[in-house]
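Q: In our numbering, the protein residues as written are 3 to 406.
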Amino acid sequence: MISAGIVVEYNPFHNGHLHHLNETKKRTDADVVIAVMSGNFLQRGEPAIVSKFARTKMALQAGCDIVVELPYAFAVQQAEIFADGAVRILASLGCRYLCFGSESGDINAFLDTFQWLERQKGRFDEILKEKMRLGFSYPKAAALAYSEMKGDGALLDLSQPNNILGYQYLKAIKDRQLDIIPLTIPRIKAGYHDPEFSSDTIASATSIRKAIFSEKGDLEPLKRYMPESSFEELLRFKREYGAWQNWENYWPFLKYRIIQSSPGELREIYDMEEGIEYRVREAAFRADSFQSFMEKLKTKRYTWTRLQRLSTHILMNAKKEEMKTYCQKPEYARLLGFSKRGRQYLNRMKEELAIPLIAKASSRDGGAFELDKRAGYIYSFGFPPSVRQRVLEEEYKRPPVMAE
């Protein structure tokens, strides 16, 4: 059976994701599509608005065959580590193809850029260091260095978020010498960060989340931008669990973590660099919300996304030593859900899987999985007290979702 892999967050699943999923099937003629999906906390350092199980159900109802979780040690990371973990998990599950969305939509542009940057690595690193000495954040410094070097050449535009991630997927495949064929499809209509609805049926996840948390609270307009099954799952989750998740739900716990920690203790947190722990403490004392905390913390050198990831690591008490250890290579893949065809694929592949496939959290202890268990526990804090125990029990005891 031929399998195609995709890397997703589905926060929440919308028509753009459905287009990507359908195009993946069309271009690869795969028997099964395997999605590796971020768990409770996402790449941009945010809590998922609904649980991993709700998002898995959305994915299966839309046509995914297997959904596995991207471990915390890879999920809440810069693009290079995020992509490396996701691609290696897909390779361990026997994927022949990896199909990703991009602003470019041309896989040759990714291949040409990779080869060009490999030849220019020394010069690129020099310019990058110079830009960072001028106070630019790493992503901005890298973008400036790349732009300065390539000039008007017909290489990939690495200022675009999906192109950046796509390039890192390709780089991981090449660097790890994985037997995966990369493919890309163009992102259509809505941009990755578009805050407003801009077309008849396609909208960014950013604009959908903005509508969900707006004061109006009118979700009816979202119907045109999401598959009906995903929209109904979104409503069901709110009805049963009482809340969608965002950073403000976790602000009291984050503020407590920061204030009760000394600068030395904060310094041990992953991604805490260059003395920013003092600024973090000062901002926490003065802020009365997560939004105000971030506004006080933000500088030219640190992007909003990096500071959100740092905030997640503080909330998680994720230390430098453990994160650097556990992001070296995936130790396992947690199975979140599967279709009938997905189960057939896993049954055929079970003797060939390169890493253990975990069906329940209660069946594994130790190592990188302790971070995932901690993430599940902390994720439950954002829910009303009456349902927190239910959220926790689902995290540890729930079997994989089976497509109806």
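Using N, Cα and C, we set each Cβ at its ideal position, and we do this for glycine too. Keep in mind the model is a prediction, meaning the values are calculated, not measured.
Could you work out which residue in Leu359, Val389, Pro358 and Tyr398 is closest to alanine 377 when comparing CA atoms only?
A: Per the Cα distances, Tyr398.
Q: Since methionine 3 contacts tyrosine 347 with CB under 8 Å, what's their CB separation in whole angstroms?
A: The Cβ separation is near 5 Å, so the contact holds.
Q: Quick one: complete alpha helix (DSSP H) runs, 4+ long, within the region 22-106?
A: With a minimum length of 4 residues, the continuous alpha helix (DSSP H) runs that stay inside the region 22-106 are 54-64, 74-77 and 81-94.
Q: Enumerate in chain order the residues of its own chain whose CB-to-CB distance from proline 73 is below 6 Å, with the five nearest sequence positions on each side excluded.
A: Correct list, in chain order: Ala370 and Asp374.
Q: State whether the region 262-282 contacts the region 303-314, with contact taken as three or more CB pairs (one from each stretch) at a distance under 8 Å.
A: Segments in contact, yes.
Q: Just how far apart, CA to CA, sit arginine 303 and lysine 212?
A: If you take the alpha carbons of arginine 303 and lysine 212, they lie about 26 Å apart.
Q: If you drop the 5 nearest sequence neighbours on each side, which residues of the same chain put their C-beta closer than 8 Å to that of leucine 1?
A: Past the edges of the chain, shown from 3 to 406, lies residue 1, and the structure says nothing about it.
Q: Name the residue from Ala363, Glu372, Val393 and Lys173 whose alpha carbon lies nearest to the alpha carbon of proline 401.
A: For the residues Ala363, Glu372, Val393 and Lys173, the minimum Cα distance to proline 401 belongs to Ala363.
Q: Below 8 Å between beta carbons: does that hold for glutamine 2 and proline 49?
A: Nothing can be reported for residue 2, as the shown portion of the chain is limited to 3 through 406.
Q: Would you mind sorting glutamine 262 into buried or exposed? The rule is 16 or more other CB atoms within 10 Å of its CB.
A: It is exposed - the Cβ of glutamine 262 has fewer than 16 other Cβ atoms within 10 Å.
Q: Would you say the region 345-361 touches the region 216-228, given that touching needs at least three Cβ pairs under 8 Å?
A: Because the criterion of three Cβ pairs below 8 Å is not met, the region 345-361 and the region 216-228 do not touch.
Q: Using beta-carbon positions only, say whether alanine 245 and glycine 41 come within less than 8 Å of one another.
A: Cβ distance not < 8 Å, so alanine 245 and glycine 41 don't count as in contact.
Q: Going by the beta-carbon positions, is the gap between glutamate 250 and phenylalanine 292 smaller than 8 Å?
A: In contact: glutamate 250 and phenylalanine 292 (Cβ atoms closer than 8 Å).
Q: Got a sec: does the ligand NAD put a non-hydrogen atom nearer than 7 Å to the Cβ of lysine 257?
A: Of ligands this structure carries none, so the ligand NAD is not represented either.
Q: Tell me, please, which residues DSSP counts as bridged to phenylalanine 340.
A: Answer is Ile68 and Met404, bridged to phenylalanine 340.
Q: Going by beta carbon distance, what residues of the same chain come within less than 6 Å of glutamate 132, once the five residues before and after it are set aside?
A: Taken in chain order, the list of residues that qualify is empty.
Q: CA-CA distance, tyrosine 169 and lysine 152?
A: Using only the alpha carbons, I get a separation of about 16 Å.
Q: For leucine 359, list the residues DSSP reports as bridge partners.
A: DSSP output for leucine 359 lists Ala335 as bridge partner(s).
Q: Pick out the complete alpha helix (DSSP H) segments inside the region 222-295, 4 residues or longer, and give them in chain order.
A: The region 222-295 contains these whole alpha helix (DSSP H) runs: 230-243, 249-261, 265-269 and 278-288.
Q: Is the Cβ-Cβ distance between leucine 338 and isoleucine 380 less than 8 Å?
A: No. Outside cutoff.
Q: Near lysine 342, what residues of its chain come up, given a Cβ to Cβ distance below 6 Å and the 5 sequence neighbours on each side ignored?
A: Result list for lysine 342: empty, nothing under 6 Å.
Q: With DSSP as the reference, label isoleucine 4 as helix, strand or coil.
A: Reduced to three states, the DSSP call for isoleucine 4 is coil.
Q: Check whether the region 63-80 touches the region 103-122, taking contact to mean three or more Cβ pairs, one atom from each stretch, closer than 8 Å.
A: Counting Cβ pairs under 8 Å, fewer than three are found: no touch.
Q: Output needed for leucine 236: all residues of its chain with C-beta closer than 6 Å, excluding positions within five of it in sequence on either side, in chain order.
A: Taken in chain order, the residues that qualify are Pro14.
Q: In terms of residue numbering, what span does the beta strand (DSSP E) encompassing threonine 327 cover?
A: Run containing threonine 327: none in the beta strand (DSSP E); it sits in the alpha helix (DSSP H), 322-328.
Q: Does leucine 312 come out as helix, strand or coil in the three-state DSSP assignment?
A: In the structure shown, leucine 312 sits in a helix (DSSP, three-state: H, G or I).
Q: For threonine 327, which of Glu372, Leu355, Arg350 and Trp306 has the nearest alpha-carbon?
A: Ranking Glu372, Leu355, Arg350 and Trp306 by Cα distance to threonine 327 puts Glu372 first.
Q: Could you have a look at leucine 158 and say whether DSSP puts it in helix, strand or coil?
A: Of the three classes helix, strand and coil, the one that applies to leucine 158 here is coil, per DSSP.
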